[in-house]
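Numbering (the working numbering), first residue to last: 6 to 269.
To start, the structure itself, in structure tokens.
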């Protein structure tokens with residue numbers, strides 16, 4: 006999130022009126038991020054995040070993201086409240102950019118990863134899978150497949166104390182093998198500076214997930230390979246590693262050791 010497009014007073018008023026946000030008391034640009042323009046609107050009705058999509062966005066994708074948030078909110082999962090126009094649309098166009106409005110989420114991004122927070126996150130991931138789930142399909146490897154968030158990294162999950170207080174950014178929602186998302190969460194939240202996994206954090210994530218949904222034998226066996234696949238993607242995008250093959254192999258072996266110790 007950042008500010009690339011300045012909103013005029015008239016623009017702000019139009020957004021507030023269209024989404025019935027009330028009389029604005031302040032408008033603050035959020036200088037955090039590098040992709041979209043984001044503002045914090047405040048009014049007597051509350052605080053709202055207003056996003057202008059700078060690099061183009063498909064209204065259908067944003068509608069799907071809104072429906073996802075509405076489904077999860079209905080299931081008691083902490084994610085932003087959605088705001089629609091009187092016609093029921095998720096977006097309008099301002100300054101030639103698509104605009105969407107959601108409620109402000111309490112909490113902050115994680116500065117320190119702890120087992121308690123990982124357990125809470127694991128539970129949240131399983132609840133998301135459960136809430137979004139049509140009856141899970143079986144992929145070719147016998148692994149359950151269904152809707153996933155798609156980007157449960159440290160930028161998109163907020164905490165208050167030890168509890169998940171908010172999950173944001175649902176634009177990458179898609180169908181996938183469920184264990185692939187859990188493996189990506191393990192990589193993002195339990196990897197150490199040396200490129201191995203912290204066993205206590207992996208254990209907490211998996212325990213939290215299984216508080217809601219038990220993993221099958223096939224899923225337990227598949228965890229190391231999917232962690233390695235997630236690592237290959239993340240490390241390649243990072244661009245700082247000189248030996249991608251060794252780095253991903255190190256993560257795979259670490260995940261394999263963790264699962265052998267943790268698996269019931």
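Glycine residues also receive a C-beta, built at the ideal position from the N, C-alpha and C atoms.
Taken through DSSP and simplified to helix, strand or coil, residue 72 comes out as helix. The continuous beta strand (DSSP E) containing residue 168 extends over residues 168-172. By DSSP's assignment, residue 182 forms a beta bridge with 150.
Within a 10 Å sphere around the beta-carbon of residue 33 sit fewer than 16 other beta-carbons, which makes this residue exposed.
Per DSSP, the beta bridge partners of residue 34 are 44. The C-beta separation of residue 252 from residue 234 comes to about 13 Å, leaving the pair out of contact by the 8 Å criterion.
As computed with DSSP, residue 29 is found in a beta bridge with 48.
Here residue 198 is exposed: its Cβ has fewer than 16 other Cβ atoms, across all protein chains shown, within 10 Å. Cβ contact annotation for residue 75 (same chain, cutoff 7 Å, sequence separation greater than five): 87, in chain order. Judged by beta-carbon spacing, residue 107 lies beyond the 8 Å limit of residue 16, meaning their Cβ atoms are not closer than that value. By a beta-carbon distance limit of 8 Å, residue 82 contacts residue 136. Their separation comes to about 6 Å. By the C-beta density criterion, residue 165 is exposed, having fewer than 16 other C-beta atoms within 10 angstroms. Going by beta carbons, residue 184 and residue 224 fall inside the 8 Å limit.
If you look at residue 207, you'll find it in the alpha helix (DSSP H) that goes 204-215. The alpha-carbon separation between residue 127 and residue 162 amounts to approximately 12 Å. In this structure, 263 is the residue among 216, 177, 201 and 263 with its C-alpha nearest to the C-alpha of residue 208.
Just so you know, the alpha carbons of residue 226 and residue 200 end up roughly 21 Å apart.
In the three-state reduction of the DSSP assignment, residue 82 falls in the coil class, being assigned neither a helical nor a strand state. The region 13-28 makes contact with the region 44-58: 3 or more CB pairs, one atom from each, lie closer than 8 Å. Selection 239, 250, 131 and 13 evaluated against residue 212 yields 131 as nearest (Cα-Cα). Annotation: the continuous alpha helix (DSSP H) that includes residue 231 extends over 222-243. With respect to residue 190, residue 84 sits apart: the two C-beta atoms are not nearer than 8 Å.
Ranked by Cα distance from residue 149, the options 156, 158 and 139 are led by 139.
Residue 256 and residue 203 have their alpha carbons spaced roughly 11 Å apart. Taking the Cα positions, residue 154 is about 30 Å away from residue 248. Per the coordinates, the alpha-carbon of residue 72 lies some 10 Å from the alpha-carbon of residue 175. With a cutoff of 8 Å on beta-carbon distance, residue 206 and residue 194 are scored as near each other.
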